[in-house]
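Take the sequence shown: its letters are residues 155 to 323, numbered as in this note's numbering.
C-beta: ideal position from N, C-alpha, C; glycine also.
Down below is the structure, laid out as structure tokens.
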Amino acid sequence: MKQIIENRYLKAFGFSSVEEATTFYNNQKVERSLSIEDGSGDNYYCYVCCHSLTREKQFVLSFSSDKSEDNLNFLFWNSMIVLDTGRNIYLIDENLSIKTSFEITTSLVGLYLINDERLLLLEEAYMRVIDYRGQILKSELFDLIDDFSIKGNVLSLQTNDNNKVIELA
């Protein structure tokens, strides 16, 4: 099943070696492409973004990860891309330039788009709220999360030691 977001869909390709991934990446006929080389992982991925109707290739992203594809996140945020490589979260603009990146300190629980201007990066023991420019608006370190919920703009966390309520907006 194709998942179409903003008239685009991704085709994900996985490779077992950097040589295979590099050959595939170099053979793509596309104007915009980005290869992220942060040196992490034995899994090699290329994401090809296509127009939902014409199937024309719009861009290609390539990266490696120590995580399986099922454990990675990709988010279209207006005209920006948020890419989770398992080690870093990248904010990539429409020209495929990296605006900023954030190192993941504990396992990523997930991404949550609060509104058009704010994004929550929730890890097992750390959270950040960032704005569209990549600026950190709020960050907090806590004990490992046992349970959590989000209602509206309020994040409720339960850890071994206590419960926290964090206003996100």
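For residue j and residue i, believed in contact at Cβ under 8 Å, the rounded distance
{"i": "Glu277", "j": "Leu291", "result": "Their Cβ separation, rounded to whole angstroms, is 16 Å, which puts Glu277 and Leu291 out of contact at 8 Å."}
{"i": "Ser255", "j": "Tyr244", "result": "5 Å"}
{"i": "Val326", "j": "Leu229", "result": "The requested residue 326 is not part of the displayed model; the chain covers only 155 to 323."}
{"i": "Leu164", "j": "Val202", "result": "7 Å"}
Helix, strand or coil at residue i according to DSSP, with G and I counted as helix
{"i": "Phe178", "result": "helix"}
{"i": "Glu173", "result": "helix"}
{"i": "Asp301", "result": "strand"}
{"i": "Asn314", "result": "coil"}
{"i": "Ala279", "result": "coil"}
{"i": "Ile284", "result": "strand"}
{"i": "Ala323", "result": "coil"}
Local Cβ density within 10 Å of residue i, reported as buried at 16 or more and exposed below that
{"i": "Asp238", "result": "buried"}
{"i": "Asn249", "result": "exposed"}
{"i": "Ile159", "result": "exposed"}
{"i": "Asn180", "result": "exposed"}
{"i": "Asn197", "result": "buried"}
Between the CA atoms of residue j and residue i - distance to the nearest angstrom
{"i": "Ser206", "j": "Thr313", "result": "42 Å"}
{"i": "Tyr286", "j": "Val172", "result": "32 Å"}
{"i": "Ile190", "j": "Cys200", "result": "10 Å"}
{"i": "Leu265", "j": "Ser310", "result": "15 Å"}
{"i": "Leu274", "j": "Ile268", "result": "7 Å"}
{"i": "Glu294", "j": "Lys183", "result": "43 Å"}
{"i": "Phe217", "j": "Asp192", "result": "8 Å"}
{"i": "Glu185", "j": "Gly168", "result": "22 Å"}
{"i": "Asn242", "j": "Ile252", "result": "12 Å"}
{"i": "Ile320", "j": "Val308", "result": "6 Å"}
- Item | beta strand (DSSP E) runs contained entirely in the segment 190 to 271, provided each spans 3 or more residues | 197 to 205, 211 to 219, 228 to 231, 234 to 238, 242 to 246, 252 to 257 and 262 to 269
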